[in-house]
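Here's the structure, in structure tokens; my notes come after.
In the numbering used here, the protein residues as written are 85 to 270.
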């Protein structure tokens, strides 16, 4: 499997959580019963899987390989992706902070958590579309089969050595739990 195919499969999992988060945010905006901790759990998924594993693979492995193959980091698609990763981190921090304030009793924070969540969902969906439609095909053209294999092998190292054994599975289970909970509000 090509390295970019691994990332596209991970995008499918991330998109499932984005759908659950969007549902939770709309439910919170409409005053339906939603646990503030749902937003913590979603933030944990993002930090552990989307950012801690997936973005780490992109930033520390794929983007470096692409740069070595001659694709500029600044002023091009890689720079845009890096900037969007940081924007996503900021939105997740805002969502988590608002969820904590909401849990402490602030009803205004309920809406802030929902708005930050929806901002994140919108950002990430567009981001994933750009990666799948532009950046990954660019990587596939720029990287030789041996470079693709090295990137995929380095992904395995990130997943098993840097993030730890069983971490990927833990976040897949959390994604499933978030989906199931969100489905109960529909």
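Cβ coordinates follow ideal geometry from the N, Cα and C atoms, glycine included.
query	result
Quick check on residue 257: buried or exposed, where buried means 16 or more other Cβ atoms within 10 Å of its Cβ?	exposed
State the CB to CB distance for the pair residue 235 and residue 146, rounded to an integer number of angstroms; the pair is presumed to be in contact (CB under 8 angstroms).	6 angstroms
With DSSP as the reference, label residue 86 as helix, strand or coil.	coil
Can you tell me which of 91, 97, 111, 159 puts its alpha carbon nearest to the alpha carbon of residue 268?	111
What are the start and end residues of each continuous alpha helix (DSSP H) run of 4 or more residues lying completely inside the segment 127-155, in chain order?	147-152
Taking the straight line between their C-alpha atoms, what separation do you get for residue 125 and residue 195?	17 angstroms
Given a threshold of 16 other Cβ atoms within 10 Å of its Cβ, counted over all protein chains shown, does residue 243 qualify as buried or as exposed?	buried
Can you tell me the Cα-Cα spacing of residue 150 and residue 132, whole angstroms?	24 angstroms
Is the separation between the beta-carbon of residue 120 and that of residue 187 shorter than 9 angstroms?	yes
Could you round the C-beta distance between residue 98 and residue 134 to whole angstroms and report it? I think they count as a contact, below 8 angstroms.	5 angstroms
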